[in-house]
Amino acid sequence: MANKPIPGSTIDTPQSTSSGRVLGPKLKIAAFILGVAAIEWVVAYFYLPSVAPATNTAPDKPAAETAHEAEAPAEADSDHHAAPEGLASHAGSTKSHGSMQEVDLGEFTVTAYQPVSSSTLFISFHLYGSVTERQTEEFAKRLDDNKHRIRDNIIVIVRSAEITDLTDAGLGLIKRRILETTNKALGKPLLQGVMFSEFSFVEQ
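The structure is reproduced here in structure tokens:
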């Protein structure tokens, strides 16, 4: 008489046991794949936000840096154009205060009577002046227009000079007076200085 399974009992048969053995490795492989996928997803989740900005052309910058960079080209351009201007001002300064041009103010022979010593001085000299190069042309024109007046002023200054002024090695006082009266006659301070050449005087 064949044995019948009792309802509710869990008697395993050889077929069910073999299927359980086949499913076990498959479940392990599936669990391993799911675990690897989960790890990759977690890694991607944490790394993608930091990698994503690298695809942008440029990251956002603070407003202050952006403003500074916007001003930088303007400043560089300004400096680029400022150099010629700086060079122009320097050139003007060189013309104004740089090399001087020597001008001939003429030869003079002056006779001066000294009442104190009852003697006469015979004074002769060649007078030169110095003018800036850029003002040479203007000086020459004004000198030509006022040459007689300027010459008379020089003669009067030398003739009225004291003996101590004439014996001064630098003739400083006489030079200052000639410079002042000559510029006044020119109507403009074009003459920068005066120099005596071959200066001599004889008292008789």
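When we follow the numbering used here, the leftmost residue of the sequence shown carries the number 428, and every step to the right adds one.
Positions of the beta carbon are idealized from the N, C-alpha and C atoms, including for glycine.
None of these values were measured; they are calculated from a predicted model.
Collapsed DSSP secondary structure at residue i in the structure displayed
i	result
L548	strand
V585	helix
Q619	coil
A465	helix
T608	helix
Q562	helix
D595	coil
S445	Unreliable placement is indicated for S445, whose pLDDT of 48 sits below 50; no coordinate value is reported for it.
Option nearest residue i by Cα separation, candidates the options
i	options	result
L618	S557, S546 and D592	S557
E589	V543, A464 and F459	V543
F623	I460, D572 and D595	D595
K611	I460, K574 and I456	K574
Beta-carbon proximity check, residue i vs residue j, cutoff 8 Å
i	j	result
L548	Q541	yes
I605	I581	yes
R561	L613	no
T609	I577	yes
V530	Y555	yes
E630	S546	yes
L593	F628	yes
Beta-carbon separation (whole angstroms), residue i vs residue j, contact threshold 8 Å
i	j	result
F552	E625	6 Å
V621	K602	5 Å
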